[in-house]
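One line per chain: the protein sequences are A and R, in this order. Every letter in the first sequence is one number past the one before it in our numbering, and letter 243, counting from 1, is 243. Every letter in the second sequence is one number past the one before it in our numbering, and letter 189, counting from 1, is 1189.
There are 2 protein chains.
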Amino acid sequence: MTPSQNIKTFLEAGPEYLPSVSVDCVIFGFHQRQLKVLLLEFKHTKAFSLPGGFVFKGESTDEAATRILWERTGVKDIYLEQFHTFGEQNRGNWDVHKATMSSHGFDLETEHWLLQRFISIGYYALVDFSKVKPTPDIFSDLGGWHDIHQIPALILDHNRIVEKALTTLRLMLDHKLVGFNLLSETFTMNELQSLYETILDKKLLRANFQRKMLSMEILERVEKKFSGKAHKPPYVYRIKKTT
Amino acid sequence: MTPSQNIKTFLEAGPEYLPSVSVDCVIFGFHQRQLKVLLLEFKHTKAFSLPGGFVFKGESTDEAATRILWERTGVKDIYLEQFHTFGEQNRGNWDVHKATMSSHGFDLETEHWLLQRFISIGYYALVDFSKVKPTPDIFSDLGGWHDIHQIPALILDHNRIVEKALTTLRLMLDHKLVGFNLLSETFTMNELQSLYETILDKKLLRANFQRKMLSMEILERVEKKFSGKAHKPPYVYRIKKTT
DNA sequence: ATAAGTTTGTATCAAAATGATGCAATTGAC
DNA sequence: GTCAATTGCATCATTTTGATACAAACTTAT
């Protein structure tokens, strides 16, 4: 299908979606000691947005979020959690969508379903950076990772959504073992610590961090890693399977 | 207006609501050392439900929750917080609403807006038990408090919603000073402790609880209360105004 | 009036968790 | 081998939390 046909199909799918309800995903990744968020970019308007979508009448909102995540990243079986629903009356304007559609030759009337008021259910996802292939959607032309400290201006209230997702992630990190989802299957204590430091945005004492993590007895040593570096090689860990 | 006229007006208001979106409130109160939840009862079907409602196109979901809370309890300026959105595809059946409407002489066709799929945004409220006058709504005939340990079977997925609200409340209590909203303006340390014990469902050591609360430096002693009881009278406290 | 029975406010000590520092062990570069 | 770097862990100090004890303040019974 050509892009325009894709868009036509999408626009005609309006009636298959649950009205008024949308889903936006804040997809976190961790790479080179930076916490990243996956954003989509609209070529024509140079605007950025969170990957999002609508809920089919025949699926739950959780299923919709999972689907959208899969469409955008190509991964399934991912840590995904709802964190807040954004229901302001005026969450921002839809000019960007209008312009994007227009650039493809579709001029939407004001009453078009796509331009109505939507509430947005926010989900955050924690993914293994290395496993993700960012994929643009119908609206956007580019998908890419952005350092959490350098998020550009986003459409609608998406900046606020990212903020709230980050706050929630920080809270979660304290009393749920959630961070591991951002690392690959095996990792060193150093990698785990720098993940925590990045998310919490503060330095931690190495010895004490190690003591705390090991005392939880959820880590399993895999092997010594011969890093090729000029120092003692670190142990490599993996999460214990809770069978 | 007669009840039937009320219902007619309500049914005709369908187009003024945001489609697919509803709000349900878990209203917590504290009385006689019990944590209570406000439930509505349907006379004809003897079913119970959470107080809930729909979102006007011209209001935010937060405003809708505040309004519903006010309609049901007669109180404003209340601690109210969104905790989860329930978006299962089939959250349960609407037989109770159908039967209720039918008993008032309104037989709804399957396509009626009231019988469509709704997602529900859950809010929990913490109210001063003594200030609330439970008020039934269009569907229900009775509003009343129920001990959290004796919640009857509720319509749709409302039992799950209550569960989730309680879980969230317990989490919140640990790292946000939220419990005070359930007490009257002044209270004794004993009352505060039994509130915590009830919500967390475990005994706390009196001396340590007192030490912890006082160390936060958010309580202000008001006066000695001459309780008339045969023992040393307790201090009465109030939350410090953070001016 | 005094003694008895309660509950409150707080002190005190023990135990556990956390913060801070030091040091031996292991590796590659030279 | 020596050096620099980093890891793993021990050890000590400090803080927080858990548990117990006891004097103070009040009413009721005698």
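Don't be surprised by glycine CBs; every beta carbon is placed ideally from N, CA and C. None of the values given here were measured: they were computed from a predicted structure.
With a cutoff of 8 Å on beta-carbon distance, Val-236 of chain A and Phe-187 of chain A are scored as near each other.
Annotation: Arg-1033 of chain R to Leu-205 of chain A spans about 44 Å, alpha carbon to alpha carbon.
Neighbourhood of Val-21 of chain A in chain R, by CB distance below 8 Å: Ser-1020, Val-1021, Gly-1087 and Ile-1119, in chain order. Burial check for Ala-64 of chain A: the Cβ neighbour count within 10 Å reaches 16 or more, so the residue is buried.
Under the three-state reduction of DSSP output, Lys-36 of chain A falls in the strand class. One alpha carbon belongs to His-158 of chain A, the other to His-231 of chain A, and they sit about 44 Å apart. Note on the region 169-214 of chain A: whole alpha helix (DSSP H) runs with a minimum of 4 residues are 189-200, in chain order.
If the five residues before and after Arg-1072 of chain R are omitted, its C-beta is found closer than 6 Å to the C-beta atoms of Pro-1051 and Thr-1135, all from its own chain and listed in chain order. The C-beta distance from Ile-1119 of chain R to Gly-1087 of chain R rounds to 4 Å, short enough to meet the 8 Å contact threshold. Less than 8 Å divides the Cβ of Phe-56 of chain A from the Cβ of Tyr-17 of chain A. One alpha carbon belongs to Val-1178 of chain R, the other to Met-1213 of chain R, and they sit about 13 Å apart. Within the region 32-62 of chain A, the residues whose Cβ lies closer than 8 Å to any Cβ of chain R are, in chain order, Val-55, Lys-57, Gly-58, Glu-59, Ser-60, Thr-61 and Asp-62. Between Ile-78 of chain A and Val-127 of chain A, the CB-CB gap stays under 8 Å. Among the residues of chain A, those whose CB is under 8 Å from the CB of His-1084 of chain R are Gln-82, following chain order. Listed in chain order, the non-local C-beta contacts of Tyr-124 of chain A below 8 Å within the same chain comprise Cys-25, Val-26, Ile-27, Phe-28, Leu-80, Glu-81, Phe-83, Ala-165, Thr-168 and Leu-169, local neighbours out to five positions each way being set aside. Of A:Glu-220, A:Asp-174, A:Leu-154 and A:Gly-122, the smallest CA-CA separation from Leu-200 of chain A is found for A:Asp-174. Between Leu-1142 of chain R and Glu-1041 of chain R, the alpha-carbon positions lie close to 5 Å from each other.
The residue among A:Val-21, A:Met-189, A:Pro-234 and A:Lys-229 with its C-alpha nearest the C-alpha of Leu-219 of chain A is A:Met-189. For Gln-1089 of chain R, the closest C-alpha among the options A:Lys-98, A:Val-75 and A:Gly-58 is that of A:Gly-58.
With a 10 Å radius around the Cβ and a threshold of 16 neighbouring Cβ atoms, His-1146 of chain R comes out buried. Here the alpha carbon of Val-222 of chain A sits roughly 51 Å from the alpha carbon of Met-101 of chain A. Partner residues in the beta bridge of Lys-1224 of chain R, as assigned by DSSP, are R:Tyr-1235. Val-96 of chain A: member of the alpha helix (DSSP H) spanning 95-103, first to last residue.
Annotation: the region 65-136 of chain A contains the following complete segments of the alpha helix (DSSP H) (minimum length 4 residues), in chain order: 95-103. Membership of Ala-1047 of chain R in the beta strand (DSSP E) is indicated by the continuous run 1047-1049.
The beta carbon of Gln-1210 of chain R lies closer than 6 Å to those of Met-1189 in the same chain, with the five residues before and after it left out. A distance of 8 Å or more separates the beta carbons of Arg-1117 of chain R and Ser-1022 of chain R. One alpha carbon belongs to Leu-1171 of chain R, the other to Thr-110 of chain A, and they sit about 44 Å apart. Measuring C-alpha to C-alpha distances from Leu-39 of chain A to each of A:Asp-107, A:Gly-105, A:Leu-154 and A:Arg-238 identifies A:Leu-154 as the nearest. Per DSSP, reduced to three states, the secondary structure at Ser-1020 of chain R is strand. Assigned with DSSP and collapsed to three states, His-158 of chain A falls in helix. Ser-103 of chain A places its beta carbon less than 8 Å from that of His-44 of chain A. In the three-state scheme derived from DSSP, where H, G and I count as helix and E and B as strand, Gly-53 of chain A is classed as strand.
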